[in-house]
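Numbering-wise (the UniProt record's numbering), the sequence shown opens with residue 1 and increments by one.
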Amino acid sequence: MSLAVTLSRAQEGVAAPQVVVEVHLSGGLPSTSIVGLPDSAVREARDRVRVAIQNTAFEYPNRRVTVNLAPAELPKDGGRFDLAIALGILAAGSQVPRERLDDCEFLGELALSGELRPVPGILPALIRARRCGRRIVVPRANAAEAALIGESDILLADSLAEVCAWLSGQGELGTPTAPDIDDLLTGMPDMRDMRGQHQARRALEITAAGGHHLLLMGPPGTGKTMLAERLAGILPAMTESEALESSAIRSLAGEVVDPAAWRRRPFRAPHHTASGAALVGGGSSPRPGEISLAHNGVLFLDELPEFSRHVLEVLREPLESGQIVISRAARQSTFPAEFQLVAAMNPCPCGYLGDPLHECRCTPDQVARYKGKISGPLFDRIDLCVEVPRVSITELSANRGPNDDDSATVRKRVVRAREKALLRAGQPNAALSVVNLERDCALRSAERDWLQAALDKLGASARAYHRILRVARTIADLEGGTGCVEQSHLAEAMHYRRF
1 MSLAVTLSRA QEGVAAPQVV VEVHLSGGLP STSIVGLPDS AVREARDRVR VAIQNTAFEY
61 PNRRVTVNLA PAELPKDGGR FDLAIALGIL AAGSQVPRER LDDCEFLGEL ALSGELRPVP
121 GILPALIRAR RCGRRIVVPR ANAAEAALIG ESDILLADSL AEVCAWLSGQ GELGTPTAPD
181 IDDLLTGMPD MRDMRGQHQA RRALEITAAG GHHLLLMGPP GTGKTMLAER LAGILPAMTE
241 SEALESSAIR SLAGEVVDPA AWRRRPFRAP HHTASGAALV GGGSSPRPGE ISLAHNGVLF
301 LDELPEFSRH VLEVLREPLE SGQIVISRAA RQSTFPAEFQ LVAAMNPCPC GYLGDPLHEC
361 RCTPDQVARY KGKISGPLFD RIDLCVEVPR VSITELSANR GPNDDDSATV RKRVVRAREK
421 ALLRAGQPNA ALSVVNLERD CALRSAERDW LQAALDKLGA SARAYHRILR VARTIADLEG
481 GTGCVEQSHL AEAMHYRRF
């Protein structure tokens, strides 16, 4: 029989769909053709594979070789199919046994010498292969990423010859070694470095406990960036599935995943000159942007009004849906984007509006235009807005006070509050649906009447009403007690809201 089938995986966002590699040998003039919507890199595989097979002391068939990559409508790119194609050709020519190909998948680019080179964005393929219950053979150079899966069904190889020897029962392939996990707070910015700013610290703790979005407003040099950088260190550690999702996205983007710190929440801080495509992702072959690289972590936008209005508007849909869909003529890719937005801005263009030590030089029109760069719908999606005033030199030079907890202490309170929310609804308070919100934030008649009167006077939107309830629910979780949302919790939640 001159037909052999091997399995591999394509790269399409975080989906990593399966690709069936069918190889057929037939009579006629010697030639090799690859069909199934390959790009130029895949078409060039015929030359790489032929030379690699010959340099591995195997015989390249002196026949007509047809390689089909199915499904045909799925675009294929890169050199990730080289190993699967080479093994298919060898199996079709009866140079390696077919039996062990059935329950395995193969990924790897071949060098002309037959050595295996690493494949970018390999984590999604490893995750999907594990879910399908199959073993997968990958280059040893991808061992660091493969170790994150922690499964013995992942096999590592250095060369085509090594894989063929294993298929023939004449050798064994290596397996990845589980990485040593660092302390999650090691090397991260600590809350103990902050002095004063007790209201902002409180808002940061509420933000972490409920998964909310936060806007910090204040003059230059008051600690807005320092506060934002410390949010990731007080968030709960990612679960294994969350860490794999975040690492898979970084792998797709070509970033190196540190196995020792892979459970840390990502913190992304793009410059205000970033384009819309850089922020949400894009390209002819769609790649994840900053909002997806911040998945399960923090996206920090410093100098928020300095971002292009168009760039900021593309955030509106991901903030609500938790994902971004990038459509191109040839393909459509969906990337997850469940992040916490932390933004910082000055109160005016010069930065000193309301500062007792500096005179503001901006006219009312300049201030209005500056704040007008942030649209109402985007502003409405931010749960907490807090002023970050100037800290006196006396406070800066003072010793740490009883309210200046370090990140480890704050994180314990955050974890306890998060656990209450997860036990109650299975998700952070910021993600509560309207149905769950009515159930978990049910107000007594006195609180309901008080909140309704206050919001009617302020002209709040329905979204603002729901976000106030979610923040109040988080404040109640942090305080413990009876667990009911009380008027004091609602009042504090409204205090962080800008209408």
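We put the beta carbon where it would ideally sit given N, CA and C, even for glycine.
Given the structure is predicted, the values throughout are model-derived calculations rather than measurements.
Cβ neighbours of residue i in the same chain (closer than 7 Å, five flanking residues each side left out)
i      : result
Ser292 : Ile249, Gly281, Ile324, Phe335, Pro336, Ala337
Thr175 : Ser152, Ile154, Leu155, Leu156
Asn436 : Ala425
Ala398 : Arg195
Val415 : Pro236
Glu387 : Met217, Gly218
Lys412 : none
Leu126 : Ile136, Ala146, Ile149, Ile154
Nonlocal neighbours in the same chain, by C-beta distance under 6 Å from residue i, ignoring five residues either side
i      : result
Val314 : Gly276, Val280
Leu235 : Ala208, Arg265
Ala84  : Thr6, Ser8, Val21, Phe106
Glu205 : Val410
Val300 : The residue asked about is misnamed: residue 300 is Phe in this sequence, not Val. Excluding sequence neighbours, Phe300 sits near Ala228, Ala269, Val342.
Glu290 : Arg268, Pro270, Leu279
Tyr60  : Arg50, Ile53, Gln54
Ser246 : Pro266, His295, Asn296
Pro318 : Ile291, Ile324, Ala337
Gln332 : none
Ala472 : Val485, His489, Leu490, Ala493
Lys420 : Asp477
Cα-Cα separation between residue i and residue j, rounded to whole angstroms
i      : j      : result
Gln74  : Leu37  : At residue 74 the sequence reads Leu, which differs from the Gln that was named. Rounded to whole angstroms, Leu74 to Leu37 spans 7 Å at the Cα level.
Gly153 : Val67  : In the sequence under discussion, the amino acid at residue 153 is Asp, which differs from the Gly named in the question. Their Cα atoms are separated by approximately 27 Å.
Leu197 : Arg467 : Inspection of the sequence shows that residue 197 is occupied by Gln rather than by Leu. Roughly 24 Å separates the two Cα atoms.
Gly351 : Arg498 : 19 Å
Glu240 : Gly322 : 19 Å
Ala16  : Pro124 : 6 Å
Arg50  : Leu116 : 14 Å
Arg46  : Trp166 : 23 Å
Val42  : Pro349 : 52 Å
Cys441 : Leu148 : 38 Å
Ala86  : Glu242 : 35 Å
Arg263 : Pro71  : 35 Å
Asp302 : Arg463 : 25 Å
Ser40  : Gly78  : 8 Å
Met226 : Glu395 : 16 Å
Arg48  : Gly88  : 14 Å
Pro389 : Cys360 : 15 Å
Pro364 : Asp355 : 16 Å
Met191 : Ile136 : 43 Å
Reference residue i; option with closest CA among the options
i           : options                        : result
Pro347      : Ser8, Ile374, Asp456, Phe339   : Ile374
Ile326      : Pro288, Glu303, Pro349         : Pro288
Leu432      : Ala453, Arg470, Asp456         : Arg470
Val391      : Gln199, Ala165, Ala147         : Gln199
Gly13       : Lys371, Ala253, Pro30          : Ala253
residue 551 : Leu69, Gln11, Arg369, Ala57    : With the chain covering 1 to 499 only, the question about residue 551 has no answer from this structure.
Gln366      : Pro377, Leu3, Ile475, Leu353   : Leu353
Glu320      : Ser308, Arg381, Ala261, Gln452 : Arg381
Phe307      : Ser2, Gly372, Ser251, Ser168   : Gly372
Arg369      : Lys76, Glu162, Pro305          : Pro305
residue 554 : Thr222, Gln487, Ala260         : As displayed, the chain neither begins before 1 nor continues past 499, which places residue 554 out of reach and without an answer.
Beta-bridge partners of residue i, as assigned by DSSP
i      : result
Ser31  : Arg64
Lys76  : Pro38
Gln54  : In the DSSP output, where bridge partners are listed per residue, Gln54 has none listed.
Cys104 : Arg135
Arg117 : Glu109
Leu214 : Val342, Leu384
Ala178 : Note: Ala178 sits in no beta bridge, so no partner.
Arg268 : Leu299
Same chain, Cβ closer than 8 Å to residue i, neighbours up to 5 away in sequence not counted
i      : result
Arg134 : Leu7, Asp103, Cys104, Glu105, Asp153
Asn55  : Leu112, Ser113, Gly114
Asp158 : Glu115, Leu116, Pro139, Arg140
Ala52  : Asp82, Ala86, Leu110, Ala111, Leu112, Ser113, Gly114, Leu160
Val311 : Ala274, Ser275, Gly276, Leu279
Cβ pair residue i, residue j closer than 7 Å
i           : j      : result
Asn296      : Met238 : yes
Val298      : Leu244 : no
Ala417      : Leu478 : yes
Glu145      : Ile122 : yes
Ala178      : Gly150 : yes
Gly283      : Ser407 : no
residue 560 : Leu25  : Residue 560 falls outside the range modelled here, since the chain spans only 1 to 499, and no answer is possible.
Leu214      : Arg316 : no
Asn62       : Pro30  : yes
Leu455      : His212 : no
Ile142      : Pro120 : According to the sequence as given, residue 142 is Asn; it is not Ile. It is not a contact, given that the beta carbons lie outside the stated cut-off.
Val23       : Ala10  : no
Pro428      : Gly210 : yes
Short CB-CB distance (under 7 Å) between residue i and chain B
i      : result
Cys350 : Here there is only one protein chain, and chain B is not present.
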